[in-house]
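Residue numbers (my numbering), protein chains in the order written: chain A, 556 to 842; chain B, 41 to 485; chain C, 9 to 170.
Please read the structure below before turning to the comments.
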Amino acid sequence: MTEFAPQTEELLHGYMIPSLATVRRIVWETDDTFTLLLDTTQMNDSPYSFMPGQFNMIYAFGTGESAVSISSDPAKPGLLGHTIHRVGSVTSSLSRLKRGSLVGLRGPFGSAWPLEEAVGKDICIAAGGIGLAPLRPIIYSLVRKRELYGRIVILYGARSPLDLLYRVELEQWNKLPNTEVIVTVDRGDSTWKGHIGVVTNLFSYIKLDSESTIAMVCGPEVMMKYTVEELQRRGLSQERIFVSMERNMKCGIGLCGHCQFGPKFICKDGPVFRLNEVYQLTEKKEL
Amino acid sequence: MYSRVEELNSRRIPLAKMQAVIIGLRCLFVPHESHIRRQAMCLQSDLTLHIIWHSHCRVWRDKNDFLHIMNNTSKLEASNLQQLLTALQRSGYTTVGPILRDDAIVYDKLDSVNDLPVGWSDEQSPANYRLTKQSGASYFNFNAAPQSWKRFLYPPVRKLFTIRKDGKSLGISNENTDDMKYAFVGVRPCELSAILIQDEVFQAGKYRDDAYSAARRNLFIVAVNCTTAGGTCFCSSMKTGPEAKNNFDISLTEVLRDGRHFFIVKAGTELGASVMDLVETSAASPQEVATADAIMRQTESRITKKMETDGLPALLAENLEHPHWDDVAKRCLTCGNCTMVCPTCFCSTVEDTTDLSGQNAERFRRWDSCFTVDFSKVAGGNFRMSTKSRYRQWLTHKLSSWVDQFGVSGCVGCGRCITWCPVGIDLTAEVQAIRGTETQQRKGD
Amino acid sequence: MEPQDLTESLHKHPFLNNMNEELLKTLTSCASNIVLPEGERLFKEGEDAKTFYLIRSGRIALELPGGERGMIRIQTVGPGEVLGWSWIISPYRWHFDAYALERVHAFAIDATCLRTKCETDYHFGYEMLRRFSEVLERRLEATRLQLLDVYGNAPGGRGENY
C-alpha cells in the first residue's frame with residue numbers, strides 16, 4: 556500500500572482508519588477548555604449522524620488520538636462540536652488548529668442517552684465540570700421538542716465561576732417553560748452571586764418525583780458516585796438513573812481492551828449505562 | 041459416536057441414496073462418488089447420517105461435529121510428510137511451524153520437514169522450560185511453544201495507517217490489511233481453540249479487525265494432536281484437548297511405535313481434503329486408528345494439572361475482594377509475561393509517530409498488557425494502581441468476564457502463563473485457593 | 009404571625025420534617041419570622057452566636073477571611089436549609105461571616121432561649137441534636153467532596169486524557 560489516494564469506500568468499514576474532517580472554528584469556553592467545531596459535510600462518509608451521548612476518536616496529525624464526547628446538537632451533525640480540556644499533547648495540538656485544518660475522525664461510537672425513554676417524563680440532569688459536554692446534545696434534543704417532556708432540571712457544578720461551560724446557553728435554558736438550571740461552584744468569589752458548594756447540595760432546592768423522573772449524570776467519578784447516592788436517597792431507582800463513564804480508550808470499538816470495567820467495555824457497551832448495569836461494579840475498588 | 045457407527049455398520053443402503061441424503065442436508069463436505077468409495081469411514085458415517093436423519097434424532101452437536109464424523113481418516117507415512125508441506129507451498133501457502141531456536145521450540149517459517157525439531161521434546165513446570173532430547177525421531181512430540189500462533193494473525197506490532205501532509209490536505213493510506221496466506225503446521229488442539237476465541241474477539245462483534253479477518257480467511261490449519269502431556273498443560277479441564285475434534289483443515293496424529301512412524305490424517309474441510317488429494321496416503325487400518333486413539337487416551341491420562349471450571353465465572357465475579365488477591369500480589373512482578381505468551385490475550389495500544397520532516401505520520405498498534413502502569417492511566421490518575429488489582433483484572437477477565445463478553449472462557453489450558461511466569465504463579469492453584477476458602481466460608485455460614 | 013400559624017409554617021420546613029407537635033411548640037416559643045434585604049449581614053466571625061436560621065427563601069453566603077486573598081466565599085445556604093450551629097457548641101461564637109445574597113425569608117430561632125429549653129427538656133434537646141447531627145454529617149461530607157477538588161485535574165466526560 557503505497558498509494559496515497561483519497562479514502563475509498565473500503566476504508567469506511569475499517570473502523571480503525573480515520574476519516575478527515577475540517578476545522579471550522581475553535582471556541583474557547585474557559586481558560587483551558589475549548590470547543591472544536593468540525594465540518595463533516597466534506598467527509599466521505601457524510602452524511603454523518605450521531606446520537607446524544609456518543610463520542611468520536613479525534614486524531615491530531617502526528618500527535619495522536621483522543622476519545623472525545625460530542626457536545627453539539629444532534630440535529631446539526633454537519634457542524635460537530637467537541638468540548639476538550641487541554642491537558643496533554645494531543646489536546647494541545649488540537650487546541651492550536653486553525654480554520655481549514657484537517658483532523659482525523661473515527662466515530663460516532665458508544666451508547667446514547669435514553670431520549671425515547673425520557674418522553675413524557677420529568678428529567679433531572681446532573682453535570683460536573685466538563686461532564687456537561689456529553690450532556691449538552693441531549694439537552695439540545697430535549698429542548699427542541701420541549702413539549703414532549705415533563706419538568707427539566709439541570710444541576711451543574713464546576714470548580715469556579717471561571718470554569719463554567721456554556722454560560723449563555725445555561726441562561727437560555729433556564730428561561731424555557733418548566734425548565735430550571737441551577738449552577739453551583741466549589742470556589743466562589745465576592746462577585747459570584749450563585750450557589751457555592753458541591754452539586755449534591757443542589758438537590759435540597761429541587762423536588763424530584765421519583766416515580767416520573769429520569770436522571771442523567773456525567774462528571775468526575777467521585778462527583779457521580781455522590782450524585783447517584785443522592786438520587787437514590789431521593790427515591791429514584793437505579794433503573795431510572797443513567798451515567799456516562801470514563802476509561803482510557805485506544806480503539807473505541809472494543810478491540811484494545813483498555814476500557815474494560817468488569818465485563819463491560821466502556822467504549823462499546825457504554826459510555827452511557829443504566830446505573831443498575833454497573834452499580835455493583837462501581838462499588839469495587841480498582842476494578 | 042463411533043460405537044453407534046459400528047452398531048449400524050451391518051446395515052447397508054445404496055450409495056446413490058446416501059449421496060442424496062448428503063446433498064439434501066447441504067453439508068459442507070460433499071464428496072463425489074469415487075471419494076466416497078475410497079473412504080470406508082465415510083460410508084459408515086453416511087449410513088449413520090441417513091438413519092439418524094430419518095429418526096429425527098440429532099446426534100451431532102453441530103456442523104463441525106458432523107464433519108468430524110464425515111472426515112476421511114487415512115494414513116500418511118512419516119517419510120511422506122514433506123509431501124504435505126510441498127502441497128501446501130504449491131497451493132500458495134507460506135508454511136509456518138515449530139523450529140528450534142534459542143533453546144526453545146518456536147513457530148516460524150518452515151521450509152521443509154528438516155526444520156522441524158526432530159527428536160526433541162520439552163520439559164515444563166512453573167517458571168521452567170527445558171528442551172530434552174529423545175531417542176525416537178518424532179516430529180511433534182513436545183508441548184506448547186513459548187509463543188503461540190497469535191503473533192501471525194495478530195502481530196505484536198502492526199502498522200494501521202500512514203498519513204501524509206500535502207499542503208493543507210492529508211492523505212491516509214490504510215495499512216491494516218494482511219494478504220499473507222499462512223498454513224500453520226502443528227497447531228495444538230488448545231491453540232486451535234485459542235484461534236477460535238480470538239475470532240470471537242476480532243471478527244464476531246459489530247466492529248472487526250480487517251487485517252485479522254483477512255489473514256484468518258486465508259489461513260490453512262494443520263492441527264497436530266498431542267502425543268505427550270506437558271507439566272503445565274490442563275487442556276482436558278478446559279475441554280480443548282489433547283485431541284482436536286474439529287475446526288482444522290487437516291489433523292495429524294503422530295504414531296511412532298514398534299519401528300513404525302506414520303500419521304493418522306483427518307481432513308476437516310473440503311479444502312483440507314483437496315490438499316490431501318495431492319499427498320500420497322493410504323487407508324488406515326482399524327488397528328492403526330486404534331493405536332492413534334490409544335496414544336490420545338494415554339496423553340489425556342498423563343495430564344496431571346486440573347482446573348475445576350464448574351461455576352468458575354461466578355465464583356471469581358463474587359470474590360473480587362477475596363484476601364487471596366493480596367497473596368498473589370506479593371508474588372506477582374507485574375511483568376506481563378503471562379499476557380504476552382497467552383494465545384488469547386488481545387489488549388493493544390497505539391503509537392503515533394512522525395518522520396523528521398513532519399510531513400509523514402504513521403500509527404502502529406502494538407500488544408499491550410493489563411499489567412503495565414500505563415494501561416489504566418487516565419488524566420486524573422490511574423484506576424488500577426495496585427499489583428493486586430492488575431492481577432485480578434487479568435485472571436477475572438480470562439476466566440470470568442470473558443464469558444460475559446464473548447460467551448466462552450478466555451483460557452484454553454495451554455499452561456504457557458504458568459511456564460513463563462518468572463516466579464511460577466500457577467493460575468490453577470490461585471483459582472483453587474479462592475475456591476477452597478470460598479467453600480469453607482459457605483460451609484461456615 | 010400568630011404562634012399557631014408560626015408552628016404550622018415551621019412544620020413545613022424540611023429541617024423540622026415529622027417533628028412531633030409537642031416539641032414543635034417548644035421550638036415555636038423561641039422562633040420568629042424575619043425578612044432580610046439583599047446585602048444584609050446576618051453575623052460576623054467572632055460575634056456571639058445568638059440565633060440560628062431556617063431559610064425559607066433566598067440565599068445566604070458564608071465567607072471566611074483568606075488573608076491577602078480577601079474574603080473567600082466558601083458556601084451558600086438556600087431555601088430549606090439550616091444556617092448556623094455555633095449556638096449549640098461552646099463558646100457559642102460564629103466562625104464565619106454571613107450575608108444575604110438576595111432578599112431572604114427565614115425563621116430566626118433565639119439561641120439562648122433554645123439552649124435553656126434543651127438543658128431543661130432533654131427529650132427536646134436530644135431531638136434538636138439528632139437533627140443537627142444529620143445536617144452536620146451532610147455538610148461535612150459536602151466539604152470533603154469540595155476538598156477533593158474533583159474538577160481540578162480529573163475532568164469528567166470523555167477524552168481529556170491526552
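Glycine residues also receive a C-beta, built at the ideal position from the N, C-alpha and C atoms.
These numbers were taken from a predicted model, which means no experiment stands behind them.
Residue environment, residue i, which counts as buried when at least 16 other CB atoms sit within 10 Å
| i | result |
| --- | --- |
| Ile97(C) | exposed |
| His108(B) | The pLDDT assigned to His108(B) is 44, lower than 50, so where the model puts this residue is not dependable; a value taken from the coordinates is nonetheless given after this. With 16 or more other Cβ atoms within 10 Å, it is buried. |
| Cys822(A) | buried |
| His131(C) | exposed |
| Lys805(A) | buried |
| Val754(A) | buried |
| Pro818(A) | buried |
| Pro826(A) | buried |
| His637(A) | buried |
| Arg579(A) | buried |
| Pro689(A) | buried |
Opening and closing residue of the alpha helix (DSSP H) in which residue i lies
| i | result |
| --- | --- |
| Ile694(A) | 691 to 699 |
| Pro818(A) | Per DSSP, Pro818(A) belongs to no alpha helix (DSSP H) and is neither H nor E. |
| Glu310(B) | 310 to 316 |
| Met278(B) | 275 to 278 |
| His364(B) | 364 to 371 |
| Glu832(A) | 830 to 837 |
| His131(C) | 130 to 156 |
| Lys115(B) | Looking at the DSSP string, Lys115(B) is not in any alpha helix (DSSP H); the run it does join, the beta strand (DSSP E), is 113 to 117. |
According to DSSP, residues forming a beta bridge with residue i
| i | result |
| --- | --- |
| Pro7(C) | For residue 7(C) there is no data in the structure shown, the boundaries of chain C being 9 and 170. |
| His750(A) | Thr739(A) |
| Ala106(C) | Phe51(C), Leu70(C) |
| Thr588(A) | His640(A) |
| Ile139(B) | Val146(B) |
| Tyr61(C) | Leu91(C), Ala116(C) |
| His301(B) | Leu296(B) |
| Ser441(B) | Looking at the DSSP assignment, Ser441(B) forms no beta bridge with any residue, so it has no partner. |
| Gln164(B) | Tyr169(B) |
Chain A within 8 Å of residue i, Cβ atoms only
| i | result |
| --- | --- |
| Phe423(B) | yes |
| Asn216(B) | yes |
| Val390(B) | yes |
| Asp157(C) | yes |
| Arg98(B) | The predicted position of Arg98(B) is uncertain, since its pLDDT is 33 and thus under 50; a value taken from the coordinates is nonetheless stated next. By this cut-off, Arg98(B) is not an interface position. |
| Phe23(C) | no |
| Ala162(C) | Summary for Ala162(C): the model assigns pLDDT 45, below 50, so the residue's position carries little reliability; its value from the coordinates is reported in the next sentence. Chain A contact via Cβ: present. |
| Ala369(B) | no |
| Pro87(C) | yes |
C-beta neighbour in chain B for residue i, strict 8 Å
| i | result |
| --- | --- |
| Met779(A) | no |
| Gln815(A) | yes |
| Arg691(A) | no |
| Gly655(A) | yes |
Range of the contiguous beta strand (DSSP E) that encloses residue i
| i | result |
| --- | --- |
| Cys773(A) | 768 to 773 |
| Gly619(A) | 619 to 624 |
| Phe610(A) | 610 to 615 |
| Val777(A) | No beta strand (DSSP E) holds Val777(A); the alpha helix (DSSP H) holding it covers 776 to 788. |
| Arg403(B) | 400 to 407 |
| Asp239(B) | Note, Asp239(B): premise wrong, no beta strand (DSSP E); alpha helix (DSSP H) at 229 to 243. |
Inter-residue CB distance, residue i and residue j (contact presumed, cutoff 8 Å)
| i | j | result |
| --- | --- | --- |
| Val197(B) | Arg406(B) | 5 Å |
| Gly226(B) | Pro138(B) | 5 Å |
| Val241(B) | Phe446(B) | 6 Å |
| Arg64(C) | Phe115(C) | 7 Å |
| Gly608(A) | Pro692(A) | 7 Å |
| Phe758(A) | Met800(A) | 21 Å between Cβ atoms; not a contact. |
8 Å Cβ cutoff, residue i in contact with chain C
| i | result |
| --- | --- |
| Val582(A) | no |
| Asp718(A) | yes |
| Arg714(A) | yes |
| Tyr614(A) | no |
| Phe631(A) | Reading off the sequence, residue 631(A) comes out as Lys, not Phe. So no, Lys631(A) is outside the interface. |
| Val736(A) | no |
Below-8 Å beta-carbon distance, residue i vs any chain E residue
| i | result |
| --- | --- |
| Ala114(C) | Absent from the structure is chain E; the protein chains it does hold are A, B and C. |
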